[in-house]
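Participant:
Numbering (this note's numbering), first residue to last: 7 to 223.
In structure tokens:
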């Protein structure tokens with residue numbers, strides 16, 4: 007668009023110079039004034055419209071919104087006793103999705119499926135899980151994300167293609183995410199230096215304290 011405007015301006019300038027060396031001075035001055043007015047009248051609105059709709063910031067925002075829109079399949083376990091707050095669930099899943107932006111920007115549409123299941127545990131269980139004892143998690147969101155086999159997704163030297171990654175989000179006394187392996191941790195933005203080999207990784211996220219507000223009894 008800017009090239010077209012520049013070309014038109016160049017043509018008008020050439021014609022103006024040609025007329026400038028001619029004998030008709032009045033006509034030349036009039037032509038130049040009209041040309042400048044036409045350029046300003048046409049160019050300013052076009053530039054303004056182009057800047058508004060196609061500025062880098064708006065393009066980047068539009069791309070980012072598309073990238074983080076993971077198609078979640080959310081279910082509720084039979085262990086849940088109460089009503090799930092859909093708005094809280096949506097807030098948590100969107101927050102989780104934003105952590106995946108760096109990978110999803112490089113490999114759009116690499117996710118085969120993304121499942122989220124809400125699970126509850128009884129505080130009086132005779133044999134509590136370690137997350138109940140260590141983190142105090144009684145309400146959890148268990149996430150499984152499968153990366154497509156036919157994509158060559160590599161991040162932090164981890165091959166993500168074909169991987170099924172598991173995450174657990176909870177609150178209790180240690181709100182955050184637990185990732186089951188290095189591939190999972192790198193998928194949500196954990197740097198390579200912070201990923202221990204062959205271990206589950208806990209990522210503290212203070213905002214996830216709202217998980218305990220997910221189920222209304």
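Beta carbons are placed, not taken as given, at the ideal position from N, Cα and C, and that holds for glycine.
1. Grab the span of the beta strand (DSSP E) containing residue 146 for me, first residue to last.
2. Starting from residue 160, follow its DSSP beta bridges and name the residues at the other end.
3. If you draw a straight line from the C-alpha of residue 79 to the C-alpha of residue 223, how long is it?
4. For residue 206, list the residues DSSP reports as bridge partners.
5. Can the beta-carbon of residue 211 be found closer than 8 Å to that of residue 145?
6. Below 6 Å CB to CB, which residues in the same chain sit around residue 198 once its five sequence neighbours on both sides are set aside?
7. Report buried or exposed for residue 135, applying the criterion of at least 16 other Cβ atoms within 10 angstroms of its Cβ.
8. Is the Cβ-Cβ distance between residue 149 and residue 122 less than 8 Å?
9. If you pair each beta-carbon of the stretch 125 to 134 with each one of the stretch 185 to 200, do three or more pairs fall below 8 Å?
10. Does the separation of the CB atoms of residue 147 and residue 120 fall below 8 Å?
11. Closest to residue 77 by CA distance: which of 96, 85, 91, 214 is it?
Facilitator: Reading it off the structure:
1. Residue 146 -> beta strand (DSSP E) spans 145 to 153.
2. 165
3. In a straight line, the C-alpha of residue 79 is about 23 Å away from that of residue 223.
4. Note: residue 206 sits in no beta bridge, so no partner.
5. Taking the C-beta atoms as reference points, residue 145 is found no nearer than 8 Å to residue 211.
6. Within the same chain, residue 198 has close Cβ partners 162.
7. exposed
8. yes
9. no
10. The criterion of a C-beta distance shorter than 8 Å is not satisfied by residue 147 and residue 120.
11. Comparing Cα positions, the closest option is 96.
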